[in-house]
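Here's the structure we're looking at; comments come further down.
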Amino acid sequence: MPAIVTQNLTKQYGKLEALSDLCIEVAEGESFCLLGPNGAGKSTTIGVLTGSLEPTSGTANVMGIDVAKDPIGVKKAVGIVPESEYPPSFLTVREYLDLVCSIRNVSDHASRIDHWIEFFDLGQKQDVLCKDLSKGTKKKVIVSAALVHEPKLLFLDEPFLDLDPIVQHAMKDYLRSYVKEGGTVFLSTHILEIAEKLCDRAGILYDGRLIACGKLSELKKSRESLEDVFMRLVQEECA
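Its first residue numbered 1, the sequence shown is counted upward by one per residue in the UniProt record's numbering.
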């Protein structure tokens, strides 16, 4: 069973069509990257696929769940790192992660939380209120919250923003291991290097439309870099 399947998925805001007839399929155990410039519709796509936004038309199934019919079921089944989200200001790091574990019915809260606190070097910050954390530390907390219940599918919207190079490196290593062990990653970014290093396949989104999709080796012409591919396809759309 594919992890993600969409058919003619469309999202409109009034007369603005932010996403138009998106048709993609992502296999279990695959790392898929959605590329595109700012405003292309990447965050809208993830919002619809994770049940945060209601589609205008078309269908989307995530882990066998119809997103439109059971958005809560999708949220329970996956891990989500939105592009811009901060943990509750009135909770400490540990309190927030404990709350997430409680909501998700995670057994053995303490060991799960301890693992991610150690992974992201949050030991000295675990009893600090989230409102007093730096942007990078808040991002670590949000990523921890997405991973603490050990989901089989991760939606990551620009997940490396605000993270320092050391943490980015650790995250990339983790994601490679996660996919090798059967996990599925759906990642959106405008940073082409990330796609080249992490993803099996990529889709290129422009102005709400999927203009190319396939293995990175298939998208590239002879001696082309992914940047060359991206610029060529976008320029063709603009012509």
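We put the CB at the ideal spot given by N, CA and C, even for glycine.
Since residue i and residue j should fall inside the 8 Å C-beta cutoff, what is the C-beta to C-beta distance between them, to a whole number of angstroms?
i, j, result
"serine 57", "threonine 6", "Contact doesn't hold; Cβ gap of about 11 Å is too wide."
"leucine 35", "alanine 195", "6 Å"
"serine 31", "valine 179", "5 Å"
Consult DSSP for residue i and reduce its assignment to one of helix, strand or coil.
i, result
"phenylalanine 90", "coil"
"leucine 133", "coil"
"leucine 198", "helix"
"aspartate 21", "strand"
"aspartate 108", "coil"
"glutamine 126", "coil"
"residue 284", "Outside the displayed range of the chain (1 to 239) lies residue 284, so it cannot be described from this structure."
"leucine 53", "coil"
"aspartate 228", "helix"
"valine 179", "helix"
"histidine 190", "coil"
"phenylalanine 120", "coil"
"lysine 220", "coil"
"proline 2", "coil"
"glycine 39", "coil"
"glycine 73", "helix"
"proline 159", "coil"
"histidine 115", "helix"
"histidine 169", "helix"
"valine 148", "coil"
"serine 84", "coil"
"aspartate 164", "coil"
"glycine 208", "coil"
Taking the DSSP output, what are the residues bridged to residue i?
i, result
"glutamine 7", "Thr59"
"glycine 203", "Leu34, Cys213"
"leucine 154", "Gly79, Val185"
"isoleucine 65", "Val62"
"leucine 16", "Tyr13"
Out of the options, state which residue places its alpha-carbon closest to the alpha-carbon of residue i.
i, options, result
"glutamate 158", "Ile166, Leu187, Lys172", "Leu187"
"threonine 189", "Ile113, Phe230, Val167", "Phe230"
"leucine 49", "Asp98, Val234, Ile4, Ile166", "Ile4"
"histidine 149", "Asp108, Gln235, Lys180", "Asp108"
"glutamate 83", "Asp162, Asp173, Val167", "Asp162"
"methionine 171", "Ser144, Glu54, Asn8", "Ser144"
"residue 246", "Arg94, Lys135, Ser31, Val106", "Because the chain spans 1 through 239 in this model, residue 246 falls outside it and cannot be assessed."
"serine 20", "Gln235, Val234, Asp228, Ile211", "Ile211"
"phenylalanine 160", "Gly73, Gly51, Tyr174, Gly214", "Tyr174"
"valine 234", "Leu216, Pro165, Ser217, Leu205", "Leu205"
"lysine 76", "Asn105, Glu17, Asp207", "Asn105"
"threonine 45", "Arg209, His115, Leu122", "Arg209"
"lysine 42", "Glu17, Met63, Pro2", "Glu17"
"lysine 135", "Pro87, Val62, Arg176", "Pro87"
"lysine 197", "Arg176, Met1, Tyr13", "Arg176"
"leucine 153", "Thr184, Ala110, Ser217", "Thr184"
"asparagine 8", "His169, Lys15, Leu99, Asn61", "Asn61"
"leucine 2", "Gly14, Asp114, Pro151, Met63", "The residue you asked about is not leucine; residue 2 is proline in the sequence shown. Ranking Gly14, Asp114, Pro151, Met63 by Cα distance to proline 2 puts Met63 first."
Could you tell me whether the Cβ atoms of residue i and residue j are closer together than 8 Å?
i, j, result
"aspartate 127", "threonine 92", "yes"
"glutamate 25", "glycine 182", "no"
"phenylalanine 155", "valine 78", "yes"
"cysteine 199", "cysteine 33", "yes"
"arginine 112", "cysteine 130", "no"
"alanine 226", "leucine 192", "Here the sequence assigns leucine to residue 226, which means alanine is not the residue at that position. Going by C-beta atoms, leucine 226 is nearer than 8 Å to leucine 192."
"lysine 140", "phenylalanine 120", "yes"
"glycine 73", "isoleucine 65", "yes"
"isoleucine 166", "glutamate 85", "no"
"alanine 40", "aspartate 207", "yes"
"arginine 201", "lysine 215", "yes"
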